[in-house]
Every structure is written in C-alpha cells, then in structure tokens.
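Right, one structure below, let's go through it.
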Amino acid sequence: MTARQPLEAIVAKRTQESPTIFTLQLRLRDAAAQAAYRFASGQFNMLYLPGVGEVPISIMSDPQERDGIGHTIRALGRVTRGLAALRPGDSLGLRGPYGRGWPLQEMEGRDVVLVTGGLGCAPVVSVIHYLLRRRERYGKLVVIQGVKHAEDLIWREQYDRWATLPDTQVLLAASQGGALWPWHVGRVTDLLEQARFDPGRAAAMMCGPEGMMRTAAEKLLARGLPESRLHLSMERNMQCAVGRCGHCQFGGAFVCRDGPVFDWGQVKSLLEHRGF
Amino acid sequence: MPAPPEDAGFLPLAQLSMLVARLMEQDYRCLGPAVENGAIVMRELAAPDALPRGLQAGQAPGRYRLQQDPQQRYFAWANGPQAIKPHLFAPRESLWRAQRDEQGRLHFMAVAPPAPMLALIGVRACDLAALALQDAHFLQGDQPDTHYAQRREQLFLVAVQCAEPASTCFCASTGDGPTPAAGYDIALAELTDGFVATAGSRKGAALLNTLNLPPASPRQIAAARQQGQAAAASQTRSLPGRTLRDVLMSRLEHPQWDEVATRCLACGNCTAVCPTCFCHAEMDEPALNGQASEHVRIWDSCFGESHGHLHGFNVRPDIRSRYRQWLIHKLATWHDQYGRSGCVGCGRCIAWCPAEIDLTAEAAVLAGDRERP
Numbered sequence: 001m002t003a004r005q006p007l008e009a010i011v012a013k014r015t016q017e018s019p020t021i022f023t024l025q026l027r028l029r030d031a032a033a034q035a036a037y038r039f040a041s042g043q044f045n046m047l048y049l050p051g052v053g054e055v056p057i058s059i060m061s062d063p064q065e066r067d068g069i070g071h072t073i074r075a076l077g078r079v080t081r082g083l084a085a086l087r088p089g090d091s092l093g094l095r096g097p098y099g100r101g102w103p104l105q106e107m108e109g110r111d112v113v114l115v116t117g118g119l120g121c122a123p124v125v126s127v128i129h130y131l132l133r134r135r136e137r138y139g140k141l142v143v144i145q146g147v148k149h150a151e152d153l154i155w156r157e158q159y160d161r162w163a164t165l166p167d168t169q170v171l172l173a174a175s176q177g178g179a180l181w182p183w184h185v186g187r188v189t190d191l192l193e194q195a196r197f198d199p200g201r202a203a204a205m206m207c208g209p210e211g212m213m214r215t216a217a218e219k220l221l222a223r224g225l226p227e228s229r230l231h232l233s234m235e236r237n238m239q240c241a242v243g244r245c246g247h248c249q250f251g252g253a254f255v256c257r258d259g260p261v262f263d264w265g266q267v268k269s270l271l272e273h274r275g276f
Numbered sequence: 277m278p279a280p281p282e283d284a285g286f287l288p289l290a291q292l293s294m295l296v297a298r299l300m301e302q303d304y305r306c307l308g309p310a311v312e313n314g315a316i317v318m319r320e321l322a323a324p325d326a327l328p329r330g331l332q333a334g335q336a337p338g339r340y341r342l343q344q345d346p347q348q349r350y351f352a353w354a355n356g357p358q359a360i361k362p363h364l365f366a367p368r369e370s371l372w373r374a375q376r377d378e379q380g381r382l383h384f385m386a387v388a389p390p391a392p393m394l395a396l397i398g399v400r401a402c403d404l405a406a407l408a409l410q411d412a413h414f415l416q417g418d419q420p421d422t423h424y425a426q427r428r429e430q431l432f433l434v435a436v437q438c439a440e441p442a443s444t445c446f447c448a449s450t451g452d453g454p455t456p457a458a459g460y461d462i463a464l465a466e467l468t469d470g471f472v473a474t475a476g477s478r479k480g481a482a483l484l485n486t487l488n489l490p491p492a493s494p495r496q497i498a499a500a501r502q503q504g505q506a507a508a509a510s511q512t513r514s515l516p517g518r519t520l521r522d523v524l525m526s527r528l529e530h531p532q533w534d535e536v537a538t539r540c541l542a543c544g545n546c547t548a549v550c551p552t553c554f555c556h557a558e559m560d561e562p563a564l565n566g567q568a569s570e571h572v573r574i575w576d577s578c579f580g581e582s583h584g585h586l587h588g589f590n591v592r593p594d595i596r597s598r599y600r601q602w603l604i605h606k607l608a609t610w611h612d613q614y615g616r617s618g619c620v621g622c623g624r625c626i627a628w629c630p631a632e633i634d635l636t637a638e639a640a641v642l643a644g645d646r647e648r649p
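Chains E and X are the protein sequences, given in the same order. For reference, each letter of the first sequence is one residue, going 1 to 276 in my numbering. For reference, each letter of the second sequence is one residue, going 277 to 649 in my numbering.
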C-alpha cells in the first residue's frame with residue numbers, strides 16, 4: 001500500500017472477549033485488496049474510525065488466514081471505545097500492515113518461549129497460532145502469560161487446550177487471583193523458573209509492560225539464553241506509522257518502522273532509563 | 277570554509293531587483309524578508325524592487341529586537357524565527373479525506389497539496405543545512421512524503437552569506453555556515469556596491485545567465501571570502517566540535533537534566549522555531565454533517581503533554597524527560613537516524629526561549645566541557 005489514506009474495511013465478525021476486550025475480524029471491501037493483503041505476525045494496522053481518528057492495533061490472526069484480519073482491542077480511549085460499538089457489516093478504515101514482525105523463520109528448529117503481560121498477549125497469540133499450525137518445525141513451546149486480575153484472562157479455553165498439547169507448557173499468573181484461578185498468584189516473571197526449555201537452542205519473545213520485560217529478560221539471559229535470540233515488541237505513541245511524525249521515537253529508532261519487534265540488544269541500554 | 281568560486285558573477289546593487297524580476301517572470305512566487313509583529317519573516321514580495329534595506333535584529337537569549345543597519349544593506353540581518361521549513365513542511369495541512377456515502381460506505385481520498393512555484397530570497401547557510409535534514413526525513417525511503425516532495429520540487433533558493441551573525445548564532449562550530457556551501461540555486465555575498473553571485477544548480481545558472489553579469493573581480497571574491505571568515509570569527513557561541521552522541525548517551529541521568537527542568541517552561545518555542553524539528557500530530561476534523569472528515573497533520577512538540585501519550589500513561593510525564601528527549605534527539609540520536617547532529621547552529625532556540633535557556637551552555641555542561649553553574 002503506497003498511498004497514505006486508508007482502505008475501507010468491513011467488520012466481518014465481532015467477538016466480546018471480556019467486559020472491555022473485543023475482537024474485530026475485518027475484511028477489506030475491495031476483494032482484490034483483501035486477496036493481496038499480506039502481513040507478518042507482530043506487525044500492526046492503523047484502524048480509522050470516521051471523524052474520530054486512528055489507532056495502531058496489532059494483528060492477531062494467522063498470516064495465512066485469507067478470510068479476515070483479526071484485531072483484539074481493549075476499549076480504553078476515544079477511538080477504541082468507538083471501535084467497540086461497531087457491529088458486523090459496519091465500515092471503518094484500515095491502512096497497513098506496518099513495522100517489523102517477529103523473526104519466526106529464524107526460530108525454526110528452536111524451543112520457543114513466549115512471555116507476555118496484560119493485553120500484550122494479542123501480538124503473541126498470533127504467534128501461538130502460527131507455531132501450532134507449523135508445530136513440527138519447532139521444538140518445545142512455553143507460553144507464559146500474566147494478567148493483573150484473574151478475570152482479565154481472555155481465551156481461557158485456548159490456554160487450557162494448548163496445555164494439553166505435547167511438548168507445550170502453559171504457565172499463567174494473575175497479580176490478583178480469585179476463587180476460580182487455579183494458577184499462580186503473583187508476578188508472571190516468577191514463573192520463568194518453571195519453564196522447561198533448552199536455553200542453548202531456544203528463542204524467546206516478549207510483549208507487555210516494560211518493567212515486566214526487563215525482569216523476564218534478566219531471568220532468561222541468566223538461564224543462558226543468548227541475547228541475539230531474545231526479541232520483544234515495543235509500544236509507543238504512533239500516529240503516522242511510517243516513521244515521520246516522531247512520536248514513537250525510542251532513541252534513534254522509530255518504533256513504528258524499525259519495530260515494533262526489536263532484538264533485545266537494540267533496546268536494552270535505553271530501557272534502563274525512564275522517559276524514552 | 278566555502279567561498280565564492282573563481283567564476284562567480286558580480287550583481288550590482290541596482291540589479292538585485294532584476295534577479296527578482298526574472299524569477300517573477302518565470303512564475304515564481306517570490307518571498308523575501310518583511311517585518312511582522314516585531315520580527316523578520318518571509319513574505320511575498322509585491323514587486324521586484326520591494327526587498328527592504330537596513331533591516332536588522334539584535335538577538336540574545338530570550339531576546340529578539342529589530343534595529344536599523346546604519347549601512348542600509350539588504351541582508352545584514354541574521355535569521356528570523358522561520359525561513360524554509362514552514363514552506364515545505366506545512367505547519368498544518370490536510371493529508372486525506374474520508375467521506376461516507378448514502379449506502380454507508382466509506383471513501384478515502386488523498387488531498388492534493390497546493391504546490392506553487394516558490395522562490396525564497398535571503399535564506400542562510402544554517403537553513404540550507406536544515407533543509408538537507410528535512411529532505412532526509414521526509415523524502416528518504418520507499419515512501420517519500422508526497423506533500424513535502426511536491427513543494428520541494430518547485431522550490432528556488434536564493435541564499436545569502438551571513439555577514440552579521442547574531443550573538444545567538446553558532447553555525448561555524450556545527451560546520452554549517454555562515455557562508456552557504458551547497459543546496460542553493462543562487463548564493464549571494466553582499467558587498468558595499470553589489471553581490472558576488474554564484475550558481476549552485478542548473479536552474480540557478482540559467483537564471484544568472486539571463487542577467488549577463490560581469491565576472492566578479494578577484495578583489496570582490498577575496499572580500500566576500502574575508503567577510504565570511506570575519507563572520508565566523510565573530511560568533512561567540514559554539515557547540516563542541518566533535519560528535520556528542522556517545523558522551524551524551526552516557527549522561528542520561530546527569531543532574532543537569534533536573535536543573536534545566538527547573539527553568540524550562542515546556543512551552544515548545546524551541547521546537548517551533550527549530551528548522552530541523554519534524555514532529556507532527558495527526559488528527560481528524562469531522563465535518564458538521566457527520567458524513568465527512570479531514571485527516572490533518574499539525575506541527576507538534578516533544579515538550580507537549582500529548583507527545584508521549586500512550587493508553588493510560590505518559591512515557592514522558594515531566595519536563596526533565598521532555599527536555600532530555602529534545603536535546604538527546606537533536607544532538608545524539610539524530611546521528612543514528614541521519615548520520616549527523618540535528619543542530620545546524622542557527623541559535624533560534626536560544627533567542628526564542630522565554631526562559632533564556634542556551635542549548636550550547638546546556639550541552640557544554642552535559643558533555644563535561646563546562647562546570648555546572
């Protein structure tokens with residue numbers, strides 16, 4: 001897509017995941033554009049609500065699914081609350097995909113560790129779907145997910161199902177548990193000790209609050225994971241999505257264009273400082 | 277130090293209007309210095325002979341005052357608050373429009389920007405250096421910014437050598453001035469009886485050709501060169517003449533950031549007058565009937581509350597982190613992005629800072645070249 005303006009997209013399906021989280025399956029109105037649309041897990045789209053504005057939303061569906069483009073969104077601000085009101089058949093704008101996705105091909109043959117916190121799970125759920133469809137190409141799979149409140153966990157049945165798969169470990173944590181929370185109560189990073197993987201042949205992907213990712217990185221590196229195989233997805237204010245508006249700068253990087261997925265080594269020194 | 281080449285022409289004072297007339301004949305809208313709200317700004321010239329004489333502005337930290345040049349020269353003023361930037365990177369413009377039809381379908385249309393043929397007369401070496409940085413930001417990559425690109429193609433630049441830098445100027449130390457070295461169509465060096473004129477592009481050479489100028493004499497060329505050297509030597513401020521990237525990146529928790537935050541008002545004046553700052557907000561302006569909306573971009577500042585906004589929190593909630601973002605980007609991470617510092621030594625951020633914060637002084641303290649005051 002070379003033009004800056006969005007294309008018209010239609011809500012094909014809407015799923016309420018939790019009281020504030022919902023998933024929109026979108027299709028581009030133009031059939032040729034929909035057929036030509038390609039993305040990599042970890043990339044994002046700019047979704048546009050007419051007259052209100054745009055928001056960057058990661059794509060959570062599988063890159064080889066041709067039916068629709070999935071976005072899981074928390075209704076938090078002006079635009080996302082408006083997006084929450086859309087129903088199947090409604091129109092909105094979509095431009096993308098933007099940014100650099102996860103280096104999934106480089107990870108073939110490796111154990112894969114996923115560490116996510118909060119709604120950080122959306123870009124990583126796309127990865128889980130991707131890995132499960134190509135399960136034979138990867139080694140052990142460890143899914144570590146943390147949420148603040150037990151009721152924030154969405155896709156609970158999926159986690160239950162994944163946990164039953166061979167060579168797949170699912171570790172969940174909630175800072176505040178509840179009566180029906182059978183998993184760990186505490187920090188998600190407490191779970192890293194339980195993760196079963198071979199650091200010599202593993203790769204890890206992280207997504208979520210930066211403090212959580214720093215602690216997780218420390219623990220993963222301490223277990224012997226090489227820095228070059230640790231990746232993370234960064235979040236910053238994004239308005240243009242093409243590296244021009246300047247809001248998403250993280251040091252010299254434009255997160256929208258040079259990220260949102262980075263190698264740990266690219267960002268670790270600046271992550272130690274608040275305010276970038 | 278760049279200097280007029282041996283084949284420069286000489287444009288007598290009386291013929292300056294001829295140069296402007298030729299540009300107007302070629303359908304250029306010609307902008308030159310004018311006074312507005314107590315500052316020198318670039319405005320459209322009503323006639324070829326409308327360039328004002330004797331304008332000057334005294335500049336110091338937090339201070340900009342018009343004054344009169346006793347020699348009545350055309351270009352004896354140092355830069356005003358803006359020069360080239362707003363004419364290419366518009367302070368506000370519409371990028372695209374969304375329209376809903378009767379069936380409820382959405383249509384998106386690119387907005388074609390107005391791109392008049394524009395000639396700017398009197399731009400400085402610092403502004404040409406800043407223009408090269410704006411070009412790098414808006415034009416590089418596989419998707420150049422179409423709005424910027426269309427205006428850029430239509431631009432004609434008549435640069436002048438700065439003979440009288442302001443006290444806030446430090447372009448000699450950044451290597452960007454005071455004599456224009458590249459990036460102009462025509463460069464002028466003003467002497468008492470006329471200008472040493474140099475072409476810097478094919479269209480500049482073609483235009484000078486139509487004026488049938490006599491060659492500048494070796495004495496005139498030497499005078500222009502000497503004037504540039506004297507202007508450089510007269511500058512009292514400077515940035516350290518080395519790359520500050522690594523030293524500044526090692527001072528991200530320096531106590532000076534807290535100190536400057538007690539003085540900085542986070543007003544954003546520095547970013548508004550900076551000729552290289554490129555941040556802009558994108559937002560939507562719905563029509564009253566609710567059926568259409570314009571997606572516009574407006575200059576933004578990293579000193580503003582909303583710049584670091586992220587759902588539910590602010591990446592840069594305090595002035596310390598905002599000032600640091602600005603200075604670190606300008607003097608350090610710009611190197612990573614565009615291969616050089618983002619500062620061209622124009623000194624505008626010093627003159628237009630209501631709190632009299634001096635970038636060169638802050639950088640010197642942070643880099644360890646000067647004791648904290």
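Beta carbons are placed, not taken as given, at the ideal position from N, Cα and C, and that holds for glycine. From a predicted model like this one, the values you see are computed outputs, not experimental measurements.
Please state the DSSP three-state secondary structure of Glu378 (chain X). Taking the first residue of the second sequence as 1, we reach residue 378 (chain X) at position 102. In the structure shown, Glu378 (chain X) sits in coil (DSSP, three-state: anything other than H, G, I, E or B).
Out of curiosity, what's the CA-to-CA distance linking Asp594 (chain X) and Glu529 (chain X)? For the purposes of this step, residue 594 (chain X) is identified with residue 318 of the second sequence, where counting begins at 1. For the purposes of this step, residue 529 (chain X) is identified with residue 253 of the second sequence, where counting begins at 1. So the alpha carbons of these two residues sit roughly 14 Å apart.
Note down, one range per segment and in chain order, each alpha helix (DSSP H) of at least 4 residues found wholly within the region 74-108 of chain E. 78-84
Going by beta-carbon coordinates alone, are Ala354 (chain X) and Ala442 (chain X) separated by less than 9 Å? For the purposes of this step, residue 354 (chain X) is taken as the residue at position 78 of the second sequence. For the purposes of this step, residue 442 (chain X) is taken as the residue at position 166 of the second sequence. Yes, the Cβ-Cβ distance between Ala354 (chain X) and Ala442 (chain X) is below 9 Å.
Which residues share a DSSP beta bridge with Asn590 (chain X)? The residue given as residue 590 (chain X) occupies position 314 in the second sequence. Answer is X:His585, bridged to Asn590 (chain X).
In this structure, how does DSSP classify Pro551 (chain X) when only helix, strand and coil are distinguished? If you number the second sequence from 1, residue 551 (chain X) lands on position 275. It is coil, neither helix nor strand.
Per-residue contacts from Met220 (chain X) into chain E (C-beta, under 8 Å): Shown here, chain X extends from 277 to 649; a query on residue 220 (chain X) therefore has no answer.
Leu49 (chain E) and Leu7 (chain E): beta carbons closer than 9 Å? The residue given as residue 49 (chain E) occupies position 49 in the first sequence. The residue given as residue 7 (chain E) occupies position 7 in the first sequence. No. Outside cutoff.
In terms of residue numbering, what span does the alpha helix (DSSP H) encompassing Lys219 (chain E) cover? Within the first sequence, numbered from 1, the residue matching residue 219 (chain E) stands at position 219. Segment Glu210 to Ala222, the alpha helix (DSSP H) holding Lys219 (chain E).
Beta-carbon neighbours of Gln105 (chain E), restricted to chain X and to distances below 9 Å: Taking the first sequence and counting its residues from 1, the one referred to as residue 105 (chain E) is at position 105. Those do not exist, as Gln105 (chain E) stays about 22 Å from chain X at its closest Cβ, beyond 9 Å.
Check whether Asp167 (chain E) and Leu132 (chain E) have beta carbons under 9 Å apart: As a position in the first sequence, residue 167 (chain E) is number 167, starting the count at 1. As a position in the first sequence, residue 132 (chain E) is number 132, starting the count at 1. No, the pair does not count as a contact, with Cβ atoms beyond the cut-off.
Does any residue of chain X bring its CB to less than 9 Å from the CB of Cys256 (chain E)? Counting from 1 along the first sequence, the entry for residue 256 (chain E) is found at position 256. Not closer than 9 Å to any Cβ of chain X, the Cβ of Cys256 (chain E) fails to qualify, so no.
Assuming Ala473 (chain X) contacts Gly285 (chain X) (C-beta within less than 8 Å), just tell me the rounded distance between them. Position 197 of the second sequence holds residue 473 (chain X). Position 9 of the second sequence holds residue 285 (chain X). About 5 Å separates the two Cβ atoms, so the contact holds.
At a CB-CB cut-off below 8 Å, which residues of chain X make contact with Ser91 (chain E)? Along the first sequence, one-based indexing puts residue 91 (chain E) at 91. By Cβ distance, chain X contributes Arg376, Gly380, Arg381 and Leu382.
So that I know if they touch, is there some Cβ in chain X lying closer than 9 Å to that of Glu54 (chain E)? As a first step, residue 54 (chain E) must be located in the first sequence, where it is residue number 54. Interface residue, yes.
Are the CB atoms of Ile462 (chain X) and Leu415 (chain X) within a distance shorter than 9 Å? Counting from 1 along the second sequence, the entry for residue 415 (chain X) is found at position 139. Counting from 1 along the second sequence, the entry for residue 462 (chain X) is found at position 186. No, they are not a contact pair.
Taking only beta carbons into account, state which residues of the region 537-562 of chain X come closer than 7 Å to chain E, listed in chain order. Phe554, Cys555, His556, Ala557, Glu558, Met559, Asp560 and Pro562
Where Gly251 (chain E) meets chain X, residues with beta-carbon distance less than 9 Å: Here residue 251 (chain E) is taken as the residue at index 251 of the first sequence, counted from 1. Those within 9 Å of Gly251 (chain E) in chain X are Met525, Ile604, His605, Ala608, Thr609 and Asp612.
Can a CB atom of chain E be found closer than 9 Å to the CB of Phe414 (chain X)? Taking the first residue of the second sequence as 1, we reach residue 414 (chain X) at position 138. It does; some Cβ of chain E falls within 9 Å.
Alpha helix (DSSP H) segment containing Phe414 (chain X), residue limits: Position 138 of the second sequence, counted from the start, is the residue given in the question as residue 414 (chain X). Unbroken alpha helix (DSSP H) run through Phe414 (chain X): Ala401 to Leu415.
Residues near Gly356 (chain X) by beta carbon distance below 8 Å, same chain, minus five either side: Along the second sequence, one-based indexing puts residue 356 (chain X) at 80. Around Gly356 (chain X): Pro309, Ala315, Ile316, Val317, Met318 and Ala333.
Cβ contact (3+ pairs, closer than 8 Å) linking the region 525-543 of chain X and the region 634-643 of chain X: yes
Assign Met1 (chain E) to one of three DSSP states: helix, strand, or coil. Looking up residue 1 (chain E) in the first sequence gives position 1. Annotation note: pLDDT 38 at Met1 (chain E) (below 50); position unreliable, coordinate value reported separately. DSSP places Met1 (chain E) in coil when its eight states are reduced to three.
Going by C-alpha to C-alpha distance, which of E:Gly246, E:Tyr37 and E:Val188 sits closest to Gly70 (chain E)? Along the first sequence, read from residue 1 onward, the residue named residue 70 (chain E) stands at position 70. Ranking E:Gly246, E:Tyr37 and E:Val188 by Cα distance to Gly70 (chain E) puts E:Tyr37 first.
Go ahead and label Ala31 (chain E) buried or exposed: buried means 16 or more other beta carbons lie within 10 angstroms of its beta carbon, across all protein chains shown. Residue 31 (chain E) sits at position 31 when you count from the first residue of the first sequence. By the 10 Å Cβ count, Ala31 (chain E) comes out exposed.
How big is the Cα-Cα spacing for Cys207 (chain E) and Ser233 (chain E)? Working through the first sequence from its first residue, we reach residue 207 (chain E) at position 207. Working through the first sequence from its first residue, we reach residue 233 (chain E) at position 233. Near 5 Å, if we compare the C-alpha coordinates of Ser233 (chain E) and Cys207 (chain E).
Is Arg27 (chain E) buried or exposed, if buried means 16 or more other CB atoms sit within 10 Å of its CB? Against the first sequence, residue 27 (chain E) aligns to sequence position 27. Arg27 (chain E) should be labelled buried.
Quick test of your reading: Pro56 (chain E) and Met205 (chain E), contact by CB under 8 Å. State the CB separation rounded to the nearest angstrom. The residue labelled residue 56 (chain E) in the question sits at position 56 within the first sequence. The residue labelled residue 205 (chain E) in the question sits at position 205 within the first sequence. That belief does not hold up - the Cβ atoms of Pro56 (chain E) and Met205 (chain E) are roughly 19 Å apart, past 8 Å.
So, for Thr563 (chain X): in the same chain, excluding its five sequence neighbours on each side, which residues have a beta-carbon less than 7 Å away from its beta-carbon? Taking the second sequence and counting its residues from 1, the one referred to as residue 563 (chain X) is at position 287. The question names Thr, but residue 563 (chain X) in the sequence shown is Ala. Result list for Ala563 (chain X): Ser569, in chain order.
So which residues of chain E does Leu528 (chain X) contact, with C-beta pairs closer than 7 Å? Residue numbering aside, residue 528 (chain X) sits at position 252 when the second sequence is read from its first letter. What Leu528 (chain X) touches in chain E: His273.
What is the DSSP secondary structure of Cys438 (chain X), counted as helix, strand or coil? Locating residue 438 (chain X) in the second sequence gives position 162, counting from the first residue. Three-state DSSP puts Cys438 (chain X) in coil, outside helix and strand.
Pairwise C-alpha distance: Asp345 (chain X) and Arg501 (chain X): Translated into the one-based positions of the second sequence, residue 501 (chain X) becomes position 225. Translated into the one-based positions of the second sequence, residue 345 (chain X) becomes position 69. For Arg501 (chain X) and Asp345 (chain X), the distance between alpha carbons rounds to 21 Å.
DSSP on Arg373 (chain X), reduced to helix/strand/coil? Locating residue 373 (chain X) in the second sequence gives position 97, counting from the first residue. Arg373 (chain X): strand per DSSP, three-state reduction.
Counted within 10 angstroms of its Cβ, other Cβ atoms place Pro288 (chain X) as buried (16 or more) or exposed: In the second sequence, residue 288 (chain X) corresponds to position 12, counting from 1. Exposed is the call here.
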